[in-house]
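For the sequence shown, position 541 (counting from the first letter as 1) is numbered 541 according to UniProt numbering, and the numbering increases by one without interruption.
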Amino acid sequence: VIDFGISRAVDATQLTRTNAVIGTPGFMAPEQIVSSREAGPAADVFSLGCVLVFAATGQGPFGAGTTTEVLYRAVHAPPQLDDVPDALRPLLVACLDKDPDRRPGTSAVLDSLSPADSSALLSEGLRSDIAEREAHAAVLVSAPPMPMTPLLPPPSAPEPGGPGTSRRRFLWIAAAGGTAATAAGVAAVIGLRSKPGGTPGSGASSSGGGTTIRPTAGLAAGPKPQWSVGLESGVEHADGRLRLMGSSLVHWDKQKAVGYDTTAGSRRWTASPRMPSGVSQEPQWLAVHGSMLYGTVAGDRGYLLGLDEKGTLRFSHPVMEPDGTYGPDAVVDVLAVAASVALISSDGGGGFRVHAVDLAKGSVLWSRKMTNSTFGTCSDGHAFFLRDDNDVLRVDARTGRPQWTVHDVFESNTEPPMVTAGGRLLVTGTDVRAFSTANGRKLWTAAAETTELSGTSVHGGKAYVSGSKSAVVALDVRDGSQLWRTASPVSLNSGTFLDAGPSVSASVVTESLSDPQGFIVLRATDGKPLWAHRATGGKTAASGSDEWKVLAVGSTVYAASATTLSAFRSDAS
């Protein structure tokens, strides 16, 4: 299935409306992003060019990054075609012209791409992959049927004339201060609008969201949920996250955050803090670190907000000052926290920057202008490890002073996630590489694959990563030795842009599924598949819009579908 970046909602009267467009970042034409005019065949040609670049090189012509960054490059930056075959480059340059009137017509594109030798498509790698899939399919066909244990009866039919479930993927582009999407202060959110059939509750039992299955013969059926509640509406599932903040389980996206009680699922609070004087906008929620939910709101200045596990506003620090041209830069994310210092990122007239904020005093300790929009960071609780261009450096949390730098760790326009554990900085791309947090020395490389791995999750001196072939691997962070590798009997949905990597605890490892929707639970000690939970009807997750959000805490697995939040007690014996 190829997404050409343009679509029309069935009940919509126009493709775009104020501050809203429909499409996929990285595959949308510039005219779709910056204006509300109808997108026609020229936008199709632009999107086809993006798809061809991805097919030829493994990445889009405008690189990776946040939605805001990718959209900005699509409008302003030239496409990255260095790795495109020479024979294809002239056509792609024409297809990706910023001016739709200068792009070739569809007939011209087809003429340029034909005739084709179909046998040339059967590369050795493709032949090998087909053979492997055939062998795997043969095993599945010959295996005994999977017993299924329905938890609840099928849902009743909807009321006549009532609205059915509606799921349409939107890209909401909101420009701070009313500026256009290309100006400073852009904030973008990918969301999913859904209309749950049930009424959100605060502790009342509702659908468990699916069926527990046995992924392999002889495997005990999974547990029924300890509790299930309807999710409060307003949190976009595709952009939603699930995190533990002290005694509160927080389900949130940029627009809304709701805290639930972990013991019964009852709603404890909905984030609605009092805004600073002179601020009329609604806050955006950015990240959870420890027991704090961080957000931002903009007025005459940009503020960093902090909510505790009870939903109480603990601070609203002014961290962004107006520069006299565009107003204050937008706070994009809270990247990491170390030694009571939060490292935040900003985007706007000042370019891409990171700023260290003293959480106790609210003062900005230091700022650093980044080389480009491709950067990231993590913390070991004492210092920040910062990716700038292709290098990684350790900086003092309170002074910003570089303590060491390792060059050429990253390839251009890639964003391998980083995490620290046991004195190691782990960088995950097509493999996992470990560097000493003390001096930056490279220590080991493990879990090499031909395609990108998910982000790495760490717990108790172990690193867990899922790969392209629906396998989960556990590594010893000391030397990179493989502790176990489990090929999942059902397809994993690893590596989503929000929750890359498995969720792990001392007892279990859990990962969401792509086909069918749901999640699988493995034993943390040896990777043994324990049980899986799938969505009712066997639906397939589509590009992050329907995958379950899962969180492992001890022997409990919290899971959120598009409509339901549940808690499962998993016996890891």
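Where a beta carbon is used, it is the ideal one built from N, C-alpha and C, also for glycine.
All of these numbers come straight from a predicted model, not from anything done at the bench.
Less than 8 Å separates the beta-carbon of ARG534 from that of GLY518. Partner residues in the beta bridge of ILE344, as assigned by DSSP, are VAL334 and HIS355. By the neighbour-count definition (other C-beta atoms within 10 Å, threshold 16), PRO25 is a buried residue.
Cβ atoms of VAL53 and LEU81 come within 8 Å of each other, at about 7 Å. Taken in chain order, the unbroken stretches of beta strand (DSSP E) that lie wholly in the stretch 280-329 and span 3 residues or more are 284-289, 292-298, 302-307 and 313-320.
Taking a cut-off of 8 Å for Cβ pairs, the stretch 329-341 and the stretch 366-373 do not touch, as fewer than three such pairs fall below it. Only exposed fits PRO41, as fewer than 16 other CB atoms lie within 10 angstroms of its CB. For the pair ASP431 and TRP484, the CB atoms are not nearer than the 8 Å cut-off.
Out of TRP227, LYS442, THR67 and GLY49, the CA that lies nearest to the CA of PRO61 is found in GLY49. Residue state for VAL427 is assigned as strand, using DSSP reduced to three classes. Contact check between the stretch 422-439 and the stretch 454-466: three or more CB pairs, one atom from each, fall below 8 Å, which counts as touching. In this chain, GLY63 is not harboured by any alpha helix (DSSP H), its DSSP state being neither H nor E. Counting only residues of its own chain and dropping the five nearest sequence neighbours on each side, GLY234 has a CB closer than 6 Å to the CB of LYS256.
Shortest Cα-Cα distance from GLY259 to any of LYS528, PRO322, ARG387 and ASP308 involves ASP308. The three-state secondary structure of HIS237, taken from DSSP, is helix. Between the alpha carbons of ARG301 and ALA447 lies a distance of about 46 Å. Contact between the stretch 281-295 and the stretch 230-247 is present: three or more C-beta pairs spanning the two stretches fall below 8 Å. Per DSSP, the continuous beta strand (DSSP E) segment holding THR556 begins and ends at 556-560. Excluding residues up to 5 positions away in sequence, THR486 and LEU522 lie with their Cβ nearer than 8 Å to the Cβ of LYS528 in the same chain.
Taking C-beta separations shorter than 6 Å and ignoring five residues to either side along the sequence, the partners of LEU393 in its chain run LEU386, PRO402 and THR405, following chain order. With contacts defined as CB atoms closer than 8 Å, MET320 and GLY376 fail to qualify as a contacting pair. A check of alpha carbon separations from SER561 across ALA552, ALA567, GLU547 and PHE568 identifies GLU547 as the nearest.
Judged by their CB atoms, THR564 and SER228 are nearer to each other than the 8 Å cut-off. Ranked by Cα distance from GLY265, the options PRO276, VAL250 and GLY278 are led by VAL250. Per DSSP, GLN32 lies in no beta strand (DSSP E) segment; the continuous alpha helix (DSSP H) that holds it begins and ends at 30-34.
Under the DSSP definition of a beta bridge, LYS256 lacks any partner. THR66 counts as buried, since at least 16 other C-beta atoms from the protein chains shown sit within 10 angstroms of its C-beta. For GLY295, the closest of LEU343, ASP571 and SER112 by C-alpha to C-alpha distance is LEU343. Residues of the same chain with a CB within less than 6 Å of the CB of ASP408, apart from the 5 flanking positions on each side, are ASN390 in chain order. Under DSSP, HIS251 shares a beta bridge with LEU242 and VAL258. Here SER470 is not near VAL504, since their CB atoms are 8 Å or more apart. Under the DSSP definition of a beta bridge, GLY518 partners with LEU513 and ARG534.
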